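These notes are about the structure you will find just below.
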Amino acid sequence: LTEFLTRAPESIKPQVEQDIRYLEAGRIGEENVAFELKNSFMPIIVLHDLNLEYDGLKAQIDFMVITAKVVLIIECKNLYGDIEVNSNGDFIRTTTFSGKTKREGIYSPITQNTRHMEVIKAVRRARLSNFVFRAIFDRTFNDNYKSVVVLANPKTVLNLKYAKKEVRDQIIRCDQLVAYIKTLYAESKT
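Here the numbering used here is used: the first residue of the sequence shown is 41, the next is one more, and so on.
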């Protein structure tokens, strides 16, 4: 985009500049999450930008945090604008650009992370050799693997007023991440 900006027509330069800012913000958002994890003072293993492929399934996982009790799959979003999650779980973004307000649906990061969890489950399950181990794994997977969406942009206004509880429980702000991990760890039964 930076290269394209030098030769872009004047009419679209503002949009290209905005896109560059959004991409840079996404990178900064992941750096913020990495900073929180690095300074958590917890015995954890952090995998960043993990790409998994198995049996035609693909997942690009922003962060996988491994503790002694639970594995946390983190989808980092540095969303801009005002975000509302309605009772159907739809994510709706409202932005203002050049005096114009735009309201649009965005792909649910919760759905995205659910897909990541399914890929992880398929990979791990395939490595188990017999029916008994697979049955135990299937029964305990949701206790041992958790999913969360971390909003890294502190300026994002988030409205979860009408969101269902199971949706609200999967969305946190970056500054809440370490406390969230500690709570999951303390509540884990394994």
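Don't be surprised by glycine CBs; every beta carbon is placed ideally from N, CA and C.
Keep in mind the model is a prediction, meaning the values are calculated, not measured.
Where do the N-terminal and C-terminal ends of the alpha helix (DSSP H) with residue i fall, by residue?
i: Gln152; result: 149–166
i: Gly69; result: 53–78
i: Phe171; result: 171–184
i: Glu124; result: Taken as a continuous stretch (DSSP letters only), Glu124 belongs to no alpha helix (DSSP H), being part of the beta strand (DSSP E) at 122–125.
i: Glu206; result: 205–208
Just the Cα atoms here: how many angstroms apart are residue i and residue j?
i: Thr141; j: Met82; result: 43 Å
i: Thr135; j: Leu87; result: 32 Å
i: Tyr202; j: Gln152; result: 21 Å
i: Glu144; j: Lys222; result: 35 Å
i: Val207; j: Pro49; result: 42 Å
i: Leu224; j: Val163; result: 23 Å
i: Ile212; j: Ser187; result: 11 Å
i: Val218; j: Ser80; result: 6 Å
i: Arg155; j: Ile113; result: 11 Å
i: Lys204; j: Asn118; result: 22 Å
Just grab the DSSP bridge partners of residue i for me.
i: Met104; result: Leu87, Ile113
i: Leu97; result: Tyr94
i: Ser187; result: Ile113
i: Leu198; result: Ile123
On the DSSP letters alone, give me the boundaries of the beta strand (DSSP E) that residue i sits inside.
i: Lys222; result: Note, Lys222: premise wrong, no beta strand (DSSP E); alpha helix (DSSP H) at 217–227.
i: Leu45; result: That residue, Leu45, is in no beta strand (DSSP E); its alpha helix (DSSP H) goes 42–47.
i: Glu144; result: 140–146
i: Phe131; result: 131–137
Taking 8 Å as the CB-CB limit, is residue i close to chain D?
i: Thr151; result: The displayed structure is made up of one protein chain only, and chain D is not part of it.
For residue i, which residues from the same chain have a beta carbon less than 6 Å from its beta carbon, with the 5 sequence-adjacent residues on both sides left out?
i: Thr107; result: Ile84, Tyr225
i: Val197; result: Asp122
Report all residues from its chain with a CB closer than 8 Å to the CB of residue i; omit the five preceding and five following residues, and keep chain order.
i: Asp130; result: Gly145, Ser148
i: Tyr94; result: Val159, Ala162, Val163, Ala166
i: Glu14; result: It is not possible to answer for residue 14, since the shown part of the chain is limited to 41 through 230.
Going by beta carbon distance, what residues of the same chain come within less than 7 Å of residue i, once the five residues before and after it are set aside?
i: Asn72; result: Ala192, Cys214
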